[in-house]
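**Student:** My numbering puts the first residue of the first sequence at 200, with every later residue one more than the last. Built from N, CA and C at the ideal position, the CB exists for glycine as well.
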Amino acid sequence: MAAVSSQPKQQERYEDSYLYKLRHSAAHLMAQAVQELYLGAKLSIGPPIENGFYYDIEFPEPLKEDDLEKIEKRMKELAKLDQRIQCIPIASKGEARKLILDQEIPGMGEAVAEYKLQLLDAIKDGDQITFYDQQRTDREGKLHRFFDLCRGPHVDSTKEVKNFKLMSLAGAYWRGDVKNKQLTRIYGTAFETKEDLELHLHNLDEAKKRDHRILGRELGLFMFSPRVGTGLALWLPKGATLRHVMQDFLQKEQVRRGYEPVITPQIASIKLYEKSGHIITFKDKLFPFMHDEDGDKDTYILKPMNCPFHIEIYQSQMRSYRDLPVRYAEFGTVHRYEQSGEVTGILRARGFTQDDAHLFVTPDQLQEEFIGVVELTKLVLDKLGLSDYRVRVGTKDPNSDKYIGHDDNWEAATNAIIAACEKMGMEYVISPGDAAFYGPKLDLIIKDALGREWQMGTVQVDYNLPERFELEYTGEDGKPHRPIMIHRAPFGSMERMIGLLTEQYAGAFPFWLAPVQITVLPIADRHNDAAQEMANKLREVIYDTRNLRVSVDDRRETLGKKIRDNQMHKVPYMLILGDKDIEAGTVGIRSREKGDLGAMSYEDFLVSLE
RNA sequence: GCCUUCGUAGCUCAGCGGCAGAGCAUUCCCUUGGUAAGGGAAAGGUCACGAGUUCAAUUCUCGUCGAAGGCUCCA
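1) Does the separation of the CB atoms of Glu-264 and Leu-368 fall below 8 Å?
2) Report the option in Ile-545, Asp-376, Ile-322, Ile-683 whose CA atom is closest to the CA atom of Glu-568.
3) Nearest CA to the CA of Pro-464: which residue from Ser-586, Ile-500, Leu-435?
4) Do you know offhand how far His-557's Cα is from Glu-541's?
5) Would Gly-295 be called buried (16 or more neighbouring beta carbons within 10 Å of its own) or exposed?
6) For Arg-212, does the count of other Cβ atoms within 10 angstroms reach 16, so buried, or fall short, so exposed?
7) DSSP puts Val-751 in a beta bridge; with which residues?
8) Going by the beta-carbon positions, is the gap between Leu-776 and Ile-722 smaller than 8 Å?
9) Counting only runs of 3+ residues fully inside the segment 635 to 721, write out the beta strand (DSSP E) ranges in chain order.
10) Compute the distance between the beta-carbons of Lys-220 and Tyr-314, then report whether it is under 8 Å.
11) If distances are taken between C-alpha atoms only, which option among Asp-522, Arg-526, Ser-243 comes closest to Pro-460?
12) Where does Arg-283 fall in DSSP's three states?
13) Curious, which full-length alpha helix (DSSP H) runs of at least 4 residues does the segment 417 to 459 contain?
14) In this structure, what does DSSP give as the bridge partners for Thr-532?
15) Tell me which same chain residues have a C-beta within less than 6 Å of the C-beta of Thr-532, skipping the five on either side of it?
16) Considering only the alpha carbon of each residue, which of Leu-431, Met-366, Asp-555, Ala-467 lies closest to Ser-539?
17) Once the 5 residues before and after Lys-734 are set aside, which same chain residues still bring their CB inside 6 Å of it?
18) In the DSSP assignment, find the alpha helix (DSSP H) that holds Ser-224 and state where it starts and stops.
19) With distances taken between CB atoms, is the gap from Ile-448 to Tyr-513 smaller than 8 Å?
20) Rounding to the nearest angstrom, what Cα-Cα distance links His-686 and Lys-358 in this structure?
21) Who are the near neighbours of Thr-392 in its chain, counting only those whose CB is closer than 8 Å to its CB and skipping five residues on each side?
22) Flag this pair as yes or no: are the beta carbons of Gly-351 and Cys-286 separated by less than 8 Å?
23) If distances are taken between C-alpha atoms only, which option among Leu-403, Trp-434, Leu-747 comes closest to Leu-805?
24) Quick one, are the C-beta atoms of Asp-753 and Ala-730 less than 8 Å apart?
25) Compare the C-alpha of Thr-383 against each of Ala-548, Tyr-237, Ala-389, Leu-277 and name the closest.
26) With DSSP collapsed to three states, give me the class of Asn-765.
27) Exposed or buried, Phe-815, counting other C-beta atoms within 10 Å across all chains shown (16 or more means buried)?
28) Look up Val-560 in the DSSP assignment and give the residues it is bridged to.
29) Verify whether the separation of the beta carbon atoms of Asp-647 and Leu-699 is less than 8 Å.
30) Please return the same chain residues whose Cβ sits closer than 6 Å to the Cβ of Thr-701, not counting the five positions on each side in sequence.
31) Just to check my reading of the structure: Ile-244 and Lys-292 have Cβ atoms closer than 8 Å, yes? What is that Cβ distance to the nearest angstrom?
32) Given this structure, state the Cα-to-Cα distance separating Tyr-331 from Arg-283, to the nearest angstrom.
33) Could you tell me whether any non-hydrogen atom of the ligand ADP is closer than 7 Å to the CB of Leu-523?
34) Using three-state DSSP, classify Gln-514 as helix, strand or coil.
35) Return helix, strand or coil for Leu-585, following the three-state DSSP convention.
36) Using alpha carbons as the reference points, say which of Ile-248, Ile-256, Ala-467 lies closest to Gln-231.
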């Protein structure tokens, strides 16, 4: 199912499209309205975004959502004036500075130019400086202009900015840095036609119905309770079943590929994480420490990740090059104290289960093993029906000091990932700053119902933890060598993957995944026994390594009612059993997608499932 | 954590300074049926929690907790 998106269908890049210009102009028109309405408002930036635009502004008084209406109204008035818009080049920074300070619109000037001047300063000498230049001549022939430092491009007149809507308010840090002041961000959306705008708003409403939190409750997959705590999901029978099915599938694939299962504890001494380096990077993101009864003898923390445990297991014995690669897999439940504002249903929870594994390999094996893992990850997504993903190679941010290990290691690991991508002919985007603190990684990114991107499967190459833990194996030469680690999780986490899948399928999971695959519907009470019998018979059938999951709806309701309810619960097949069927030895089949398929023998139905 | 918005029955929501409402779900009764809601009745609430203003607060104000959207972060 496609995410909400209203980008042009043509091959044309969004940045070159009319829609992009339109939204850009809408943003600046909003800036003009704000300047008129709120004396002292400081403008910063207002770019178009995927489905609209925003503008970050510092307001003298906190802005409330009711204000949006007022701003929208003024924008409409300004738009109607048919003001000519141009993107004009400015020859020098000095001239640009003058333009910013000499705004004719009241309120603009030194006191409110703070962010604009900073933006101007950031422009490299020699680079082209351009301004949004909007002008009109009033009845008396007087010229009114509104300038705004801007890269462009724009539409030709404000009257083209007709079909727009201001959506919401948010805080956003200046230049994306928490240390800076938080500005007020106004989000809006704009379209060429009224119909497009309405369609977009309609699509947003539809997307909200696919929200995994709503479907999760409606379908009985999982729930949250304030008494349990933020970000801590309770898995209901159907959701737990879904998890088991997914785990079975992955486990089977892992056994085929030589993975071995391990199980590790939920808490560990803090020493383990001091050794790994996680404590320094993530000390604020851990649940409170646990202390020994007799004081400071030892401190324990709730497991935030599995790697160090697997490393301990690797290290527990002498390893020969003949033993490698070693592949340890675990569905490891971890807890991380995410900031309250970051928690999003099961897509970002405080407790979650990773389909984790760590491979310990020799340098010679690295590429082959890495490719093997990426291929497994792609196979997993393919099986789940998620074809719409992008590949991101997260590398070190050269300006940050949060990383451990030597540059040589980083270079080797990054090169290994890129070489493997090239060898596989895979499209990828390099994203500096998106590496883990111990190494670069390859992530598969998928969008949710609202078009937000989420990191799903991940594969990471790590030279640094083996070094910190002094991991070794004995080589052919009889000398100790250092293995390389591959961290990987094809689903990412069970929670996030199930959340995404729920949204992708709008709850109508494919047959092999559906928590309830078949419901048997007896028409009247006298058919209940036959229905139970049929359900029991079906439950003996092995499908895709598991017994069929069958329920019986023997409530005293009409058939129509039962069908409706089961359809709402997205059950793939309903088997209807009444007098006619019992007499003829058939069963009425109803498919979730195709509706009534008519009567069929039990055997024919089974064959149709294959 | 920060900005904005929201919290009324299990769910979806209406209401509002003066006795707490509807639909669905639940329970019971009637109905025993053939492909998307059969009929009736009952039960269900400290209007998230705590303070304040008021003769009177579910309604207004403040605080706490929880949730949603965004920012930051994401081993």
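**Tutor:** So, from the listed chains and residues:
1) yes
2) Ile-683
3) Ile-500
4) 27 Å
5) Checking the sequence shown, residue 295 turns out to be Ala, not Gly. Buried, because 16 or more other Cβ atoms sit within 10 Å of the Cβ of Ala-295.
6) exposed
7) Val-719
8) yes
9) 640 to 646, 652 to 661, 683 to 688, 717 to 721
10) no
11) Arg-526
12) strand
13) 436 to 455
14) Thr-552
15) Thr-552
16) Leu-431
17) The sequence as given places Ala at residue 734; Lys does not occur at that position. The residues are Val-719, Val-749, Val-751.
18) 217 to 236
19) Residue identity differs from the one stated: residue 448 is Phe in this sequence, not Ile. Not in contact: Phe-448 and Tyr-513 (Cβ atoms no closer than 8 Å).
20) 54 Å
21) Asn-362
22) yes
23) Leu-747
24) yes
25) Tyr-237
26) helix
27) Residue 815 lies beyond the range of the chain shown here (200 to 809); nothing can be said about it.
28) Ile-683
29) yes
30) His-411, Leu-414
31) Ile-244 to Lys-292, Cβ: 18 Å. No contact.
32) 10 Å
33) This structure does not include the ligand ADP; it has no bound ligands of any sort.
34) helix
35) coil
36) Ile-256
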